[in-house]
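Chemist: Below are the structure tokens for one structure; questions will follow.
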Amino acid sequence: MRMLKLGRRPYAETEAAMRTFTAARGAETEDELWLVEHDPVFTQGLAGRDDHVLAAGGIPVVRTDRGGQVTYHGPGQVVAYPLLDLRRIGIYVKEYVFRLEEAVIETLWAGAGVVGHRVRGAPGIYVRLADPHSHAQLHTESLDPFRGLGKIAALGIKVSQHRSYHGVALNVAMDLEPFDRINPCGYAGLRTVDLRALGVAASWDDMAVLLAEQLARRLQPQP
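So the sequence shown is numbered by full-length UniProt numbering: it starts at 1 and just counts up by one.
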């Protein structure tokens with residue numbers, strides 16, 4: 001897998017490049033992993049509803065062809081786009097999503113000592129707000145499965161003819177205010193956090209390298 005650190009790029013430009021790469025790739029095209037930091041933008045997935053954008057203000061809203069609802073990208077967030085041939089890896093979409101989430105969980109623990117959790121039916125990674133270092137099992141049987149949790153990583157992918165693009169975004173040290181202008185991932189009142197809000201000082205570069213390593217480890221082609 002070829003890794004590219006693209007620096008800070010406009011979202012629309014990057015998404016167009018992903019689609020071009022995916023459409024043009026052939027059976028022998030090497031998989032790539034793009035690491036990028038975006039200018040402020042709200043992105044809507046295919047199922048995204050306009051009423052989940054509460055007050056965009058001066059931040060643009062871009063329609064995309066990924067799954068999921070609305071999210072926010074901005075400086076201080078590591079965005080990883082694996083451009084893969086899933087047949088070459090030997091996995092299907094459900095397993096791919098599991099591996100993306102697993103990579104984030106391991107990155108949080110290795111880089112920050114933070115324990116990431118999954119919430120059934122809500123892709124992405126969550127942390128306990130009161131004790132982000134706790135390994136205790138979540139109890140999500142309540143009417144509010146997000147009670148006491150904050151979302152630290154969002155996931156939205158597109159798979160076309162077994163070729164994946166879009167990816168995962170990990171919040172490191174952001175301005176979190178724009179998340180208050182949306183229902184993150186379609187959930188009203190869902191709190192979004194970053195490592196800095198949890199009291200963890202981590203750099204974008206360090207977390208990007210860790211996330212890339214964890215993704216590459218899990219997304220190598222089968223021999």
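Quick reminder that beta carbons are idealized off the backbone N, C-alpha and C, glycines included.
#1: Tell me which residue opens and which closes the beta strand (DSSP E) that residue 235 is part of.
#2: Could you tell me if residue 226 is buried or exposed, where buried requires 16 or more neighbouring beta carbons within 10 angstroms of its beta carbon?
#3: Quick one, are the C-beta atoms of L6 and V36 less than 9 Å apart?
#4: Out of curiosity, what's the CA-to-CA distance linking V59 and R191?
#5: Among I182, E106, L176, which has the Cα closest to the Cα of H133?
#6: My guess is that L219 and P123 are in contact by the Cβ rule of under 8 Å, so how many angstroms apart are they, rounded?
#7: Pull up the CB-CB distance for R63 and R163, whole angstroms please, since I reckon it's below 8 Å.
#8: Tell me D85's beta-bridge partners as DSSP assigns them.
#9: Taking the beta strand (DSSP E) that Y11 belongs to, which residues open and close that run?
#10: Starting from V193, trace the beta strand (DSSP E) in both directions and tell me its first and last residue.
#11: Just mark Y92 as buried or exposed, buried being the case when its beta carbon has 16 or more other beta carbons within 10 Å.
#12: Is the beta carbon of V78 closer than 9 Å to that of A208?
#13: Confirm, please, whether the CB-CB distance from A110 to L212 is below 9 Å.
#14: Cβ atoms of V104 and Q222: under 9 Å apart, would you say?
#15: Give the DSSP bridge partners of V53, in chain order.
#16: Thinking A56 and R181 are a contact (beta carbons under 8 Å), I'd like their distance in whole angstroms, please.
#17: Quick one: is Q44 buried, meaning 16 or more other Cβ sit within 10 Å of its Cβ, or exposed?
#18: Tell me whether A130 sits in a helix, a strand or coil according to DSSP, three-state version.
#19: Apart from the five residues on each side of it in sequence, which residues of its chain come closer than 8 Å, Cβ to Cβ, to V172?
#20: Just confirm the distance between the C-beta atoms of L86 and Y96, as a whole number of angstroms; I'd bet it's less than 8 Å.
#21: Taking only three categories from DSSP, how would you classify E32?
#22: From A154 to R99, what does the alpha carbon distance come to, in whole angstroms?
#23: Which one of R8, L210, L4, R2 has the shortest CA to CA distance from A112?
Modeler: With the structure as the only source:
#1: No statement about residue 235 is possible, as the shown extent of the chain runs from 1 to 223 and does not include it.
#2: Any question about residue 226 goes unanswered here, given that the chain covers just 1 to 223.
#3: Within the sequence shown, residue 6 is the residue found at index 6, counting from 1. Within the sequence shown, residue 36 is the residue found at index 36, counting from 1. Going by C-beta atoms, L6 is nearer than 9 Å to V36.
#4: Working through the sequence shown from its first residue, we reach residue 59 at position 59. Working through the sequence shown from its first residue, we reach residue 191 at position 191. In the sequence on display, residue 59 carries Ile and not Val. If I take the Cα positions, the gap works out to 19 Å.
#5: If you number the sequence shown from 1, residue 133 lands on position 133. Nearest of I182, E106, L176 to H133, Cα basis: E106.
#6: Translated into positions along the sequence shown, residue 219 becomes position 219. Translated into positions along the sequence shown, residue 123 becomes position 123. Incorrect: roughly 17 Å between the Cβ atoms, too far for contact.
#7: Against the sequence shown, residue 63 aligns to sequence position 63. Against the sequence shown, residue 163 aligns to sequence position 163. 21 Å between Cβ atoms; not a contact.
#8: In the sequence shown, the residue the question calls residue 85 occupies position 85. Paired residues: R163.
#9: Counting from one through the sequence shown, the residue named residue 11 turns up at place 11. Looking at the DSSP string, Y11 is not in any beta strand (DSSP E); the run it does join, the alpha helix (DSSP H), is 11-24.
#10: The count along the sequence shown starts at 1 and reaches residue 193 at position 193. It is not in any beta strand (DSSP E) - V193 carries neither H nor E in the DSSP assignment.
#11: Position 92 of the sequence shown holds residue 92. Result: exposed.
#12: In the sequence shown, counting from the first residue as 1, residue 208 sits at position 208. In the sequence shown, counting from the first residue as 1, residue 78 sits at position 78. Result yes, Cβ atoms of A208 and V78 sit closer than 9 Å.
#13: For this step, residue 212 is matched to residue 212 along the sequence shown. For this step, residue 110 is matched to residue 110 along the sequence shown. Per the sequence shown, the amino acid found at residue 212 is Ala instead of Leu. Their beta carbons are not under 9 Å apart, which means A212 does not touch A110 by this criterion.
#14: Stepping through the sequence shown from its first residue, residue 222 is reached at position 222. Stepping through the sequence shown from its first residue, residue 104 is reached at position 104. For Q222 and V104, no; Cβs fall outside 9 Å.
#15: Counting from 1 along the sequence shown, the entry for residue 53 is found at position 53. Paired residues: I182.
#16: Counting from one through the sequence shown, the residue named residue 56 turns up at place 56. Counting from one through the sequence shown, the residue named residue 181 turns up at place 181. That pair is a contact at about 6 Å.
#17: Taking the first residue of the sequence shown as 1, we reach residue 44 at position 44. Result: buried.
#18: In the sequence shown, the residue the question calls residue 130 occupies position 130. The answer is coil: DSSP assigns A130 none of H, G, I, E or B.
#19: On the sequence shown, residue 172 is found 172 positions in, with the first residue counted as 1. Here the set comprises G76, Q77, V78, D194, L195, R196, A202, S203, W204, M207.
#20: Locating residue 86 in the sequence shown gives position 86, where the first residue counts as 1. Locating residue 96 in the sequence shown gives position 96, where the first residue counts as 1. 6 Å between Cβ atoms; contact.
#21: Mapped onto the sequence shown, residue 32 falls at position 32. The answer is strand: DSSP assigns E32 an E or B state.
#22: Walking along the sequence shown from the start, residue 154 turns up at place 154. Walking along the sequence shown from the start, residue 99 turns up at place 99. Distance between the alpha carbons of A154 and R99 is about 14 Å.
#23: Along the sequence shown, one-based indexing puts residue 112 at 112. The residue with the shortest Cα to Cα distance from A112 is L210.
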